[in-house]
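Residue 245 in the working numbering sits at position 245 of the sequence shown, and the numbers go up by one each step.
Cβ coordinates follow ideal geometry from the N, Cα and C atoms, glycine included.
All values reported here derive from a predicted model rather than from experimental measurement.
Have a look at the structure below, then the notes.
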Amino acid sequence: MLIEVVGLGPGDESTMPLSTWKTLQESRSPIILRTKIHPSVPALTEAGISFTTFDHLYEQHGDFETLYEQMAEELLRLATQHKKVIYAVPGHPRVAEQSVELLLKKATACGVEVHVGAGQSFLDPLCTAIGLDPIAGLLLLDGTQLHITELQPGVHTLIAQVYSPAVASDVKLTLMEVYPDEHEVTVLSAVGVAGEESVTSVPLYELDRLTEIHHLTTVYVPPVQNLSEKARHPLYLADIVARLRHPLDGCPWDLAQTHETLIPYATEEAYEVAQAVLEDDPAHLQEELGDLLLQVLLHAQIAAENGDFTLQDVFFGLAEKLVRRHPHVFGQQSASNAEEAEAMWKSAKAEEKQRDSLSLEGNETPLSRMSDVQTGQDALNYAFDVQKRAAKVGFEWNCIEDVLEKLREEIIEFEEALNQNDSKALTEELGDLFFTLVNLSRWLKMHPEMVLRKAVIKFVRRFERVEQAVHESGRTWQEYRLDELDQLWQNAKL
1 MLIEVVGLGP GDESTMPLST WKTLQESRSP IILRTKIHPS VPALTEAGIS FTTFDHLYEQ
61 HGDFETLYEQ MAEELLRLAT QHKKVIYAVP GHPRVAEQSV ELLLKKATAC GVEVHVGAGQ
121 SFLDPLCTAI GLDPIAGLLL LDGTQLHITE LQPGVHTLIA QVYSPAVASD VKLTLMEVYP
181 DEHEVTVLSA VGVAGEESVT SVPLYELDRL TEIHHLTTVY VPPVQNLSEK ARHPLYLADI
241 VARLRHPLDG CPWDLAQTHE TLIPYATEEA YEVAQAVLED DPAHLQEELG DLLLQVLLHA
301 QIAAENGDFT LQDVFFGLAE KLVRRHPHVF GQQSASNAEE AEAMWKSAKA EEKQRDSLSL
361 EGNETPLSRM SDVQTGQDAL NYAFDVQKRA AKVGFEWNCI EDVLEKLREE IIEFEEALNQ
421 NDSKALTEEL GDLFFTLVNL SRWLKMHPEM VLRKAVIKFV RRFERVEQAV HESGRTWQEY
481 RLDELDQLWQ NAKL
């Protein structure tokens, strides 16, 4: 059983390979055309070549994937019935021809051979019409299945299969997610067909308003040139960050940053995102999300320079995690509400931690009680949660007096480090002091975050009163002695 696939070429019979013409003319086997709507078909009819088509299937299906699936199955059925059939498609059988791709995938399982013959693709006349050498970088995409993730605005792009204004409208909307509305695109219809060829350049937003769009239409999207156009692509943004970190002529501030020095900025930007959400300010939220993304890009760039990982590794790891933790979306399980979905997420996360706990010898080791404490939170909350977890197993002071004694001990150790001017010891001892204060607040059943926040609010309120007093005095801050400012502060407390 054999299916011989041949290409009709991109235009009329003059673009059809001689081998295809001979195959069709000499065939004693059934000939099936994917569609009779092709410039070369009248010549086949005039030559007395008999054929059937799949045109009737186009009216039965609302999506092309199902349509091409049925074409492949029908071809395999006919091959089983007639032992050999000829399948003729527009252009080249292996260029933008999904029905052939599906046929090749299904044929092996059915025991049917598929021979792919010659054909001239639409690429040659298209590249000639727009004056493009494909070696400059060419991306070919299917307009019926176009997705934003496929777009690369820095390279020449051809979007084929733009069969109708409806498809053109979908293509336009997808392109406008990445390209500016005014970006000029070229619509090429019936290229290579004498007397019918149409080449029209329009702004992107007018793409679906043209009347020349039909089954032989392809859209050419030239690469973007200026910053305002390029900046819509996330990887171009990553390139900007890499440029800022260039060792020869990058930004001195960006070059001075490390993972550690960036920690305060990441937490600060996360809080500002939360604030923008609470303010219900979309424009502010957009800006703050960009600032938060900058922190991700900076950390990824520093890691790439150190040889640790790349931004692509970050993308890959996150994508894998999202798929793994959503078995109700990407697997066979189901979740009918948010609670069930969250339970599946936690279950998948627990399984990951259990796998991670295996030792190098393959022996299972118990998970630490700290393994599921959320590390992605501010230090006060993190310390609070860690101490609560330790206290559950009795790793705890006997009474609050013991905590106060520990606090006094940490103050003494901090003073010693301060006297020695030991920056490393100062950092460690100050951290111990903070940690003990968190413990004290926990003993008092007061959350350290709220305690500190109230203290900050109180300070701001009093400081504003001092500012007001300075303003009303007509004097500048520099004109006040420290004892005078202290008196204003004491007054603000009343």
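Same chain only: Cβ atoms within 8 angstroms of residue i, ignoring 5 sequence neighbours per side
i    : result
T495 : Because the chain spans 1 through 494 in this model, residue 495 falls outside it and cannot be assessed.
L407 : L433, T436, L437, L440
E352 : R324
L297 : L237, A238, V241, L311
Rounded C-alpha distance that separates residue i from residue j
i    : j    : result
H61  : A383 : 60 angstroms
S121 : Q275 : 55 angstroms
N381 : G431 : 14 angstroms
T261 : K454 : 27 angstroms
A304 : V323 : 25 angstroms
V5   : R94  : 10 angstroms
Y68  : Y58  : 9 angstroms
V460 : M446 : 21 angstroms
L360 : V273 : Its pLDDT being 41, under 50, L360 is placed unreliably in this model, and the value from its coordinates should be taken loosely. Taking the straight line from one Cα to the other gives about 41 angstroms.
W253 : Q225 : 28 angstroms
D55  : I37  : 8 angstroms
E561 : K458 : Examination of residue 561 is not possible in this model, given that the chain is present from 1 through 494 alone.
L294 : I400 : 44 angstroms
L173 : P223 : 17 angstroms
K546 : S334 : The requested residue 546 does not occur in the structure, where the chain is confined to residues 1 to 494.
P203 : P247 : 40 angstroms
F330 : V403 : 50 angstroms
V178 : R232 : 6 angstroms
E416 : E428 : 12 angstroms
A391 : E320 : 35 angstroms
K346 : H326 : 10 angstroms
E197 : L207 : 17 angstroms
Q145 : D313 : 27 angstroms
R369 : K349 : 15 angstroms
S189 : L123 : 12 angstroms
A492 : V456 : 15 angstroms
D230 : P134 : The displayed chain sequence assigns Lys, not Asp, to residue 230. So the alpha carbons of these two residues sit roughly 21 angstroms apart.
E342 : A109 : 40 angstroms
F315 : E288 : 21 angstroms
E479 : V386 : 48 angstroms
Under 8 angstroms between C-beta atoms of residue i and residue j
i    : j    : result
L33  : A72  : no
V171 : E212 : no
A79  : M1   : yes
I159 : T218 : yes
W489 : V466 : yes
Y163 : V185 : no
G11  : V89  : no
E269 : L255 : no
I531 : S29  : Because the chain is modelled from 1 through 494, residue 531 falls outside the range shown and cannot be assessed.
Q301 : R245 : yes
Residues near residue i by beta carbon distance below 6 angstroms, same chain, minus five either side
i    : result
T15  : G9, Q120, G192
L141 : E150, I159
T310 : A304
T52  : I32
R481 : none
L139 : Q152, V155, T157
H183 : L204
Status (buried if at least 16 other CB within 10 Å, exposed otherwise) for residue i
i    : result
T258 : exposed
R507 : Nothing can be reported for residue 507: it is not among the residues displayed for the chain, which extend from 1 to 494.
I148 : exposed
E97  : buried
I3   : buried
A338 : exposed
H92  : buried
M450 : exposed
Contacting residues, own chain, Cβ-Cβ under 7 angstroms from residue i (five flanking each side not counted)
i    : result
G137 : V155, H156
V277 : L285
G290 : none
Exercise. Is there contact between the region 411-428 and the region 469-479, where contact requires at least three CB pairs shorter than 8 angstroms?
Worked result: no
For this session: Give a yes or no on contact between the region 144-160 and the region 232-249, applying the rule of three or more CB pairs nearer than 8 angstroms.
Result: yes
Exercise. Okay, do the region 41-49 and the region 127-136 touch, 3+ Cβ pairs below 8 angstroms being the bar?
Worked result: no
Exercise. Are three or more beta carbon pairs between the region 103-119 and the region 18-34 nearer than 8 angstroms?
Worked result: yes
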